[in-house]
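Sequential numbering of the sequence shown, starting at 1, is according to this note's numbering.
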Amino acid sequence: RQGGMILLEAANSAYETRVLPEAMVKVQGRLVGLIRCY
1 RQGGMILLEA ANSAYETRVL PEAMVKVQGR LVGLIRCY
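The following block contains the structure:
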């Protein structure tokens, strides 16, 4: 958070940081696992 804005930083440096107003961001949960089937 920076002031009234939320900064979303990607782990991949190829993507830009997104800056959004707090009203547009809602955390709905967190990722605890990932299952991949190939």
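Ideal Cβ placement from N, Cα and C applies to all residues, glycine included.
Every value quoted in this text rests on a predicted model; they were computed, and no experiment measured them.
For the pair residue 5 and residue 27, the CB atoms are not nearer than the 8 Å cut-off. Check the Cα spacing between residue 21 and each of 8, 12, 30: the tightest is with 8. When 13, 32, 11, 25 are compared, the shortest CA-CA separation from residue 1 is found for 25. Residue pairing of residue 35 in beta bridges, as defined by DSSP: absent, with no partner found.
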